[in-house]
Amino acid sequence: MIKGKAVAHLLGLVALLLMAVGILAPSGRAADPAPVVVTLTGTEPPELVDKLLAAAAKQGRPVEVRLRSAPVTADPPPSPDIDRSGWAILSENFTVGVEYGWDALPSIRALPADLARAWRDVRNGTTPVQAVGTALLIAGISALVGYATMRSIRLVWRQARLEWSPLDGIASRLGAGLATLLSHLIGLAAFLALAWIASAQLLPEPDLARWLAEGISALAIGFIAYWAVGEFLLGPGRPQRRLLPIPNAERHFRLLRLYGFCGPAILMTVDLFAKIGSSPLAIAGWFSLTGGAITLYKLWWFWTGRADIALLCSGGAVAGIGRRALATAAPVLLMASAVLIWAVGRVAAVAPDGARWANAAGATQIIIILVPILAAGVAALVRESVTLRRCAETGRLDTNPILKAWGLVAATTCGMIVWVLGLWFMARLWQFFLLEIFSPAQVAALEGPIAVIAVLLVGWMVWSFLEALFQAYMPQTRAVTGPDAEDESAEQQVQSRFGTILPLVRAVVLAGIAGITALIALSRLGVDIAPLLAGFGIIGLAISFGSQALVRDIVSGIFFIADDAFRVGEYIDTGRLKGTVERITLRSVQLRHQSGLVHTIPFGQIASVTNSSREWATVKFNIRLDRDTDIEKARKIIKRVGLTMQEEAEFAPHLILPLKMQGVAEIDDTAIIVRLKFTSKPDKSSWLQREGLKRVYAALRDAGVIFASNAVTVRGSDATGGAAASVGGTAPIPVTGAP
Numbered sequence: 001m002i003k004g005k006a007v008a009h010l011l012g013l014v015a016l017l018l019m020a021v022g023i024l025a026p027s028g029r030a031a032d033p034a035p036v037v038v039t040l041t042g043t044e045p046p047e048l049v050d051k052l053l054a055a056a057a058k059q060g061r062p063v064e065v066r067l068r069s070a071p072v073t074a075d076p077p078p079s080p081d082i083d084r085s086g087w088a089i090l091s092e093n094f095t096v097g098v099e100y101g102w103d104a105l106p107s108i109r110a111l112p113a114d115l116a117r118a119w120r121d122v123r124n125g126t127t128p129v130q131a132v133g134t135a136l137l138i139a140g141i142s143a144l145v146g147y148a149t150m151r152s153i154r155l156v157w158r159q160a161r162l163e164w165s166p167l168d169g170i171a172s173r174l175g176a177g178l179a180t181l182l183s184h185l186i187g188l189a190a191f192l193a194l195a196w197i198a199s200a201q202l203l204p205e206p207d208l209a210r211w212l213a214e215g216i217s218a219l220a221i222g223f224i225a226y227w228a229v230g231e232f233l234l235g236p237g238r239p240q241r242r243l244l245p246i247p248n249a250e251r252h253f254r255l256l257r258l259y260g261f262c263g264p265a266i267l268m269t270v271d272l273f274a275k276i277g278s279s280p281l282a283i284a285g286w287f288s289l290t291g292g293a294i295t296l297y298k299l300w301w302f303w304t305g306r307a308d309i310a311l312l313c314s315g316g317a318v319a320g321i322g323r324r325a326l327a328t329a330a331p332v333l334l335m336a337s338a339v340l341i342w343a344v345g346r347v348a349a350v351a352p353d354g355a356r357w358a359n360a361a362g363a364t365q366i367i368i369i370l371v372p373i374l375a376a377g378v379a380a381l382v383r384e385s386v387t388l389r390r391c392a393e394t395g396r397l398d399t400n401p402i403l404k405a406w407g408l409v410a411a412t413t414c415g416m417i418v419w420v421l422g423l424w425f426m427a428r429l430w431q432f433f434l435l436e437i438f439s440p441a442q443v444a445a446l447e448g449p450i451a452v453i454a455v456l457l458v459g460w461m462v463w464s465f466l467e468a469l470f471q472a473y474m475p476q477t478r479a480v481t482g483p484d485a486e487d488e489s490a491e492q493q494v495q496s497r498f499g500t501i502l503p504l505v506r507a508v509v510l511a512g513i514a515g516i517t518a519l520i521a522l523s524r525l526g527v528d529i530a531p532l533l534a535g536f537g538i539i540g541l542a543i544s545f546g547s548q549a550l551v552r553d554i555v556s557g558i559f560f561i562a563d564d565a566f567r568v569g570e571y572i573d574t575g576r577l578k579g580t581v582e583r584i585t586l587r588s589v590q591l592r593h594q595s596g597l598v599h600t601i602p603f604g605q606i607a608s609v610t611n612s613s614r615e616w617a618t619v620k621f622n623i624r625l626d627r628d629t630d631i632e633k634a635r636k637i638i639k640r641v642g643l644t645m646q647e648e649a650e651f652a653p654h655l656i657l658p659l660k661m662q663g664v665a666e667i668d669d670t671a672i673i674v675r676l677k678f679t680s681k682p683d684k685s686s687w688l689q690r691e692g693l694k695r696v697y698a699a700l701r702d703a704g705v706i707f708a709s710n711a712v713t714v715r716g717s718d719a720t721g722g723a724a725a726s727v728g729g730t731a732p733i734p735v736t737g738a739p
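Sequential numbering from 1 applies to the sequence shown in UniProt numbering.
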């Protein structure tokens with residue numbers, strides 16, 4: 001009897017709270033209740049006076065009206081400022097509600113007597129014990145049937161491998177979670193159907209037993225709803241099915257189940273006390289006590305789990321400053337929402353339509369928690385669905401930048417739609433508050449902020465699309481050249497012309513989007529933006545006249561980029577400095593030298609540029625052969641080496657014209673200097689030259705071709721002992737014998 005035990009625990013909790021209130025509350029407060037003081041200034045509208053008097057009369061205490069004279073002042077001129085009377089009334093209602101709840105605590109002692117009277121008035125069955133026992137039996141049997149139905153559905157789906165299918169994406173995890181959620185809903189439907197049918201047949205009269213059975217059904221709806229949503233999102237015991245990657249998910253699931261039981265239980269008891277005819281003062285005291293307790297519970301939950309909540313909001317990875325700020329503020333915002341909802345409950349205690357206030361506050365708490373989760377989940381699901389769809393159509397992951405950008409924007413837009421719907425629903429919930437508390441002028445004053453929010457959302461969507469588009473087209477970041485870069489054969493990443501100017505275009509476009517969005521938002525707030533535009537124009541002229549060197553650098557850079565003089569990744573020589581282009585900004589270019597040094601050169605200081613990385617490069621180099629070498633034989637050997645290199649798969653993609661001997665470049669006293677050349681792609685010329693020299697040396701040596709040497713042979717004239725010495729260079733040569 002799971003539900004019977006829950007009801008027993010609930011009744012025990014009620015009894016303990018009643019005993020605590022009976023012990024702690026002063027005994028004289030119930031006998032002589034303090035009057036409700038309503039202070040008027042004489043300027044309130046009649047509708048507000050009627051509401052305040054009606055609310056005070058519902059409290060069951062004497063009503064004392066006090067008139068406070070308003071100071072006589074001259075009629076002030078009309079002011080465009082928002083009238084603060086609405087907030088003053090709200091503050092006054094909150095103060096009265098807190099005092100009312102505190103003063104109503106002693107009246108809780110009357111609730112046991114009301115329960116006893118309702119017990120005696122039971123009309124279903126022969127005795128009250130039989131009627132209440134029937135209600136509890138209906139709840140218990142219905143709970144067992146609902147639980148058995150849920151387990152049967154899960155067993156069927158487990159046999160069909162719906163719950164244990166591979167979960168390699170959010171779509172798969174969502175499917176498994178929805179299967180579990182649907183099993184909860186089917187079990188709940190079975191429980192409610194059996195409970196309602198049995199209550200209508202066995203408990204036809206409206207009495208305590210019937211109301212208890214209905215309250216248990218309402219409690220089951222709320223409790224199972226929280227349980228199902230918690231298992232759907234947190235996947236306790238099954239991390240592979242977890243949709244909400246929050247740390248300590250099992251702990252938060254247990255706390256959520258406890259909250260899901262206590263919250264509906266409080267509403268159930270309040271409704272039960274109202275049906276048995278308890279006084280509004282006693283019900284208000286009970287609601288004040290239990291509402292304060294559940295608020296403290298939520299504050300404790302959010303505070304102890306603040307690290308987990310912050311990690312969930314940050315995404316568990318390196319996030320931007322906005323995401324980190326949201327992660328830091330999320331626990332505080334949740335705690336503030338709990339306190340705000342408690343304050344709304346205090347206002348609802350004295351408001352004429354307090355039930356609407358209470359319902360709006362409860363729904364707001366659910367919206368605050370569920371909307372961020374739903375927004376993130378829908379965005380991730382849409383993003384993954386777009387990716388998987390393109391992968392299924394093409395057989396590979398799609399690399400089209402436009403489609404990637406549209407996928408990200410679709411996910412962002414869907415998440416934004418969830419936020420907008422949540423905010424719209426909250427506005428609908430609190431519409432009565434805005435229309436009744438605030439004047440039409442005050443409500444109209446909110447149109448400006450609402451329009452600004454709409455403008456910011458549209459600007460954010462355009463920014464997200466362009467940012468994703470630029471990021472998709474943005475070339476890969478070049479690796480920093482290391483000291484051993486000359487020994488690496490990795491291809492140098494030379495960006496296209498579009499990739500070179502893309503960072504500049506991205507900065508200008510995003511800055512323009514931000515500026516236009518800000519100007520439109522200011523205009524919607526009523527700010528005259530014409531002086532701002534004029535001021536920005538004057539500032540631009542001042543900067544252009546005062547910083548002519550800056551203007552020269554920017555203009556020169558524009559023309560260098562327009563002429564396509566160099567790109568990121570190309571090796572250039574500016575006359576004074578040379579290196580590989582690493583970064584181009586609006587004002588300067590950064591070059592990295594082979595030694596690792598980075599040179600930043602303003603465009604205005606560059607007179608000419610020599611680009612060594614365009615289309616092709618012809619490399620010429622010399623080798624020294626012995627003067628007795630057969631030149632034709634050496635030419636054929638070198639040509640054969642070049643053709644062999646061109647046929648190899650490692651060198652063929654990079655060679656345009658093979659290595660060959662161009663001819664004799666020079667003849668000196670000790671050698672014949674022949675010139676070799678080849679044409680290749682610029683980024684591979686040094687590597688190909690090293691490989692060519694290595695192969696030419698080996699081929700000539702194997703063929704018996706002798707390379708030139710700087711050695712000098714000196715023969716002496718001594719007939720008896722000719723000596724020969726081979727030395728190099730111009731150093732003094734020791735000679736043996738007489739000349």
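Backbone N, C-alpha and C define an ideal beta-carbon position, used for all residues, glycine too.
| Item | Value |
| --- | --- |
| Who are the Cβ neighbours of V455 in its own chain at under 8 Å, not counting the five residues just before and after it? | T517, I520, A521, R524 |
| Measuring alpha carbon to alpha carbon, tell me which of I637, T670, H654, V674 ends up nearest S685. | H654 |
| What's the C-alpha gap between E447 and G526? | 11 Å |
| Based on the DSSP output, what are the partners of H599 in its beta bridges? | L591 |
| Which residues share a DSSP beta bridge with Y571? | T580 |
| Would you identify the three-state DSSP class for R524, choosing helix, strand or coil? | helix |
| Let me check one thing: in DSSP terms, what residues is S680 bridge-paired to? | A617, L655 |
| Alpha carbon to alpha carbon, how far is G515 from W303? | 39 Å |
| Taking buried to mean at least 16 other C-beta atoms within 10 Å of its own C-beta, is R567 buried or exposed? | buried |
| Just reading off the alpha helix (DSSP H) that V705 is part of, what are its end residues? | Neither: V705 is in no alpha helix (DSSP H) and is coded neither H nor E. |
| Helix, strand or coil for A511, going by three-state DSSP, please let me know. | helix |
| In chain order, what residues of the same chain lie with their CB nearer than 6 Å to the CB of A131, ignoring the 5 residues before and after it? | V122, N124, G125, A209 |
| Compute the distance between the beta-carbons of L185 and A218, then report whether it is under 8 Å. | no |
| Per DSSP, V664 is paired with what? | V674 |
| With a 10 Å radius around its C-beta and 16 neighbouring C-beta atoms as the bar for buried, classify N93 as buried or exposed. | buried |
| If you draw a straight line from the alpha carbon of L586 to that of G459, how long is it in whole angstroms? | 25 Å |
| Output needed for A195: all residues of its chain with C-beta closer than 7 Å, excluding positions within five of it in sequence on either side, in chain order. | I138, A139, S142, A213, S217 |
| Hey, how far is the Cα of V581 from the Cα of Y571? | 6 Å |
| Name the DSSP beta bridge partners of T610, please? | D573 |
| Hey, could you find the ends of the alpha helix (DSSP H) A284 is sitting in? | 280 to 304 |
| Would you give the residue range spanned by the alpha helix (DSSP H) that A265 belongs to? | 249 to 275 |
| Indicate whether R241 and R173 have their beta-carbon atoms separated by less than 8 Å. | yes |
| Given a threshold of 16 other Cβ atoms within 10 Å of its Cβ, counted over all protein chains shown, does residue 770 qualify as buried or as exposed? | Here the chain covers residues 1 to 739 and nothing more, so residue 770 does not appear. |
| Could you say if the segment 375 to 383 and the segment 411 to 422 meet the contact criterion of at least three C-beta pairs nearer than 8 Å? | yes |
| What distance in whole Å lies between the Cβ atoms of A310 and A327, which are believed to be in contact at a cut-off of 8 Å? | 4 Å |
| Can you say whether D553 is buried or exposed, counting buried as having 16 or more other CB atoms within 10 angstroms of its CB? | buried |
| Taking DSSP as the reference, what is the three-state secondary structure of R323? | helix |
| In three-state terms, what does DSSP make of L623? | Looking at the sequence provided, one finds Ile at residue 623 rather than Leu. Strand at I623. |
| Can you tell me whether G596 is buried or exposed, with buried defined as 16 or more other CB within 10 angstroms of its CB? | exposed |
| Report buried or exposed for W136, applying the criterion of at least 16 other Cβ atoms within 10 angstroms of its Cβ. | Trp is not the amino acid found at residue 136; the sequence shown has Leu there. The residue is buried, with at least 16 neighbouring Cβ atoms inside 10 Å. |
| Under DSSP, the alpha helix (DSSP H) around residue 741 begins and ends at which residues? | Residue 741 lies beyond the range of the chain shown here (1 to 739); nothing can be said about it. |
| Taking just the CA atoms, how far does L244 sit from L370? | 12 Å |
| Could you name the residues of the same chain whose beta carbon sits closer than 7 Å to that of W119, not counting the 5 residues immediately before and after it, in chain order? | P128, L208 |
| Cα separation between R306 and F223? | 24 Å |
| Just to confirm my understanding: we take W286, look at its own chain, exclude 5 residues before and 5 after, and list those with CB closer than 6 Å. What are they? | I108 |
| Taking one C-beta from the segment 598 to 612 and one from the segment 555 to 567 each time, how about it: are there three or more such pairs within less than 8 Å? | yes |
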